[in-house]
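Engineer: In this note's numbering, the protein residues as written are 382 to 487. Mind having a look at this structure? Questions to follow.
In C-alpha cells:
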C-alpha cells in the first residue's frame with residue numbers, strides 16, 4: 382500500500398471517529414476562522430474542527446495531487462493532551478498516532 386493509500390485510509394478513519402464522537406459538522410466553518418488560527422487552530426476553533434476543516438482537506442489535497450507530505454507529524458501528541466480524560470476520544474488518538482507514524486519513520 383502506498384503512503385497515499387495509507388493516508389487516505391487514516392483520513393476516512395478520522396472522519397468516521399469524529400462522526401461517532403458527534404464532533405463532525407455538516408455546516409462549513411466560517412472563512413475568517415481559518416485566518417491566523419494558530420497551531421492546530423487553537424486561536425479560532427476546537428481541535429475537532431481543525432481536524433475536519435484543516436487537516437483532512439490539506440491531506441486530501443496532497444493525496445489528490447500526489448504532493449509531498451511533511452517530513453514529520455505530531456498531531457497525536459496534541460490530541461492526547463487535548464482529550465486527556467475523555468474516554469470516548471481514545472480511539473481517535475490511537476488513529477492519529479498511527480497517522481503520525483506514516484511520516485515519522487527514521
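All C-beta atoms in this analysis are idealised placements derived from N, C-alpha and C, irrespective of residue type, glycine included.
Please look up how many angstroms separate the CB atoms of residue 385 and residue 444, rounded, as I've assumed it's under 8 Å.
Structural biologist: Indeed they touch by this definition, with Cβ atoms about 5 Å apart.
Engineer: Less than 7 Å between C-beta atoms, sequence neighbours within five positions excluded: which residues of the same chain meet that for residue 410?
Structural biologist: Counting only Cβ-Cβ distances below 7 Å, and skipping sequence neighbours, we find 426, 430, 434.
Engineer: The alpha helix (DSSP H) that contains residue 473, what's its start and end?
Structural biologist: Element bounds for residue 473: 471 to 484.
Engineer: Using the beta-carbon count (16 or more within 10 Å), is residue 416 buried or exposed?
Structural biologist: The residue is exposed, with fewer than 16 neighbouring Cβ atoms inside 10 Å.
Engineer: Please state the DSSP three-state secondary structure of residue 393.
Structural biologist: Helix, per DSSP.
Engineer: With distances taken from CA atoms, which of 406, 461, 424, 484 is nearest residue 414?
Structural biologist: Nearest of 406, 461, 424, 484 to residue 414, Cα basis: 424.
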